[in-house]
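The sequence shown lines up with residues 252 to 549 when you count with our numbering.
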Amino acid sequence: MSFHAPSLTIRITRPLAALLLAAACTPTTVPGAVTPAASPAATVASPAAAPVSPVAAVPAGSVSSPAVSAENGAKGVAQWSYSGSTGAEAWGTLDASYATCATGKAQTPIDITGTVGKDLPDLAFAYQPGISQLVNNGHTVQANVPAGSVLRTGTATYTLLQYHFHAPSEHTINGQSFPLEMHFVHRDEAGRLGVVGVIYKVGATNPAYDTLVGNLPPATDGKADLPSLNPMTLLPTQFGNYQYQGSLTTPPCSEGVQWMLLRTPVELSQGQIGAFTARYANNARPIQPQGTRIVQQK
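Structure (structure tokens):
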């Protein structure tokens, strides 16, 4: 076997050709790539009654930075919305990649009713202050956070990617809806998603939210830098929670998402809640069947 170049002929013997072929077939390790064999076990798995779904893939070409939207779904595949012919009831038919929205058996959100008490690991939040970018992406207002904020639970460590809101709440508790729900989207080293849900009720003005409320971009595709803010201040003071295996709540509705819904609502004034709903008054997916899944409570 020979390779020819102008005025040059290189003759390769069979042993050398074999070496070159072996080198060409050797996998290349990309810095930062995740090796499947190194995937840690999930912190909390649903009981055997509910089959474990495939790990939710972070949608390609999504809108958050850096190139991650996670729970907020994909943009640029097929247009979807929360009403009309592209609303939630039609998501599964809009694009082949959205089929799980219609066929999935472990979809989110659900109505939290009967739960099983469980000695679950504590949620240890280690969020850090930093300048985030707020993006109005046409479906919600999302804060893309700088690196460094993590959630540890049991043996798992999740990195916070972004947080965004839905109005009204996507989850309900014993049939009760709330005016607002925030989703704090995390990913572990194996690429698995863990979402912490925070629910809100009308009450006193919450100064911790003044900076966020005052910088919400009004227009679709609008962006704004959020002055240094520690997402920790946006959480309730108690971390008792409901946990179950679910999905993204927007297309492609990928399953395999570990959900941790905090049980204690955060109080916001009617005006603060109105600042969010003035952007999106109805960006919540309808309740999905719980099926055989068991919700664990801590």
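Glycine residues also receive a C-beta, built at the ideal position from the N, C-alpha and C atoms.
Alpha-carbon spacing of residue i relative to residue j, whole angstroms
i: L519; j: P469; result: 20 Å
i: A353; j: P360; result: 13 Å
i: I363; j: I424; result: 5 Å
i: V449; j: D370; result: 21 Å
i: A535; j: G405; result: 30 Å
i: V508; j: S383; result: 24 Å
i: Q358; j: L512; result: 15 Å
i: G542; j: G365; result: 12 Å
i: T515; j: L412; result: 23 Å
i: S336; j: T344; result: 10 Å
i: D472; j: H390; result: 10 Å
i: T456; j: P487; result: 14 Å
i: G368; j: R544; result: 14 Å
i: V453; j: D461; result: 15 Å
i: V309; j: F376; result: Below a pLDDT of 50, predicted positions are generally treated as unreliable, and V309, at 46, falls in that range; no measurement from the model is reported.
i: E506; j: G445; result: 11 Å
i: K549; j: S498; result: 21 Å
i: Q496; j: W510; result: 6 Å
Reference residue i; option with closest CA among the options
i: T408; options: H422, Q523, T354 and D439; result: D439
i: L431; options: F527, V367, W510 and Q547; result: F527
i: P482; options: T500, T501, Y493 and Q393; result: Q393
i: P397; options: T410, A441, E421 and G389; result: T410
i: A532; options: T456, H417 and G368; result: H417
i: Q521; options: W342, Y451 and G355; result: Y451
i: Y378; options: G465, G442, G355 and S479; result: S479
i: Q494; options: P372, V546, G355 and Q330; result: V546
i: P540; options: H434, K356, C504 and V464; result: K356
Host beta strand (DSSP E) of residue i (start-end)
i: L519; result: V517 to L519
i: A475; result: K474 to L480
i: L431; result: L431 to D439
i: G491; result: Per DSSP, G491 belongs to no beta strand (DSSP E) and is neither H nor E.
i: K452; result: L444 to V453
i: V508; result: E506 to L513
Heavy atom of the ligand ZN within 7 Å of residue i beta-carbon
i: A441; result: Absent from the structure shown: the ligand ZN. Ligands present: none.
Extent of the continuous alpha helix (DSSP H) run through residue i
i: G465; result: D461 to G465
i: L374; result: Careful: L374 lies outside any alpha helix (DSSP H) and carries neither H nor E.
i: G343; result: W342 to L345
i: A353; result: T351 to T354
Cβ shell of residue i (< 7 Å), same chain only, five flanking positions each side left out
i: V328; result: D346 and S348
i: E421; result: P360, E432, T500, A535 and R536
i: I538; result: P360, I361, D362 and T423
i: S332; result: G338
i: G426; result: D362
Chain-order list of residues whose beta-carbon lies under 8 Å from that of residue i (same chain, five-residue window excluded)
i: L467; result: L385, N387, V392, A475, A526, F527 and R530
i: A459; result: T484 and L485
Nonlocal neighbours in the same chain, by C-beta distance under 6 Å from residue i, ignoring five residues either side
i: T280; result: Here T280 scores only 38 on pLDDT, less than 50, and its place in the model is too uncertain to base an answer on.
i: P419; result: S428, P430 and A535
i: L374; result: T404 and F490
i: L402; result: F376, Y409 and H437
Which runs of the beta strand (DSSP E) at least 3 residues long sit entirely within the segment 377-422? Give them in chain order. 381-387, 392-395, 401-404 and 407-417
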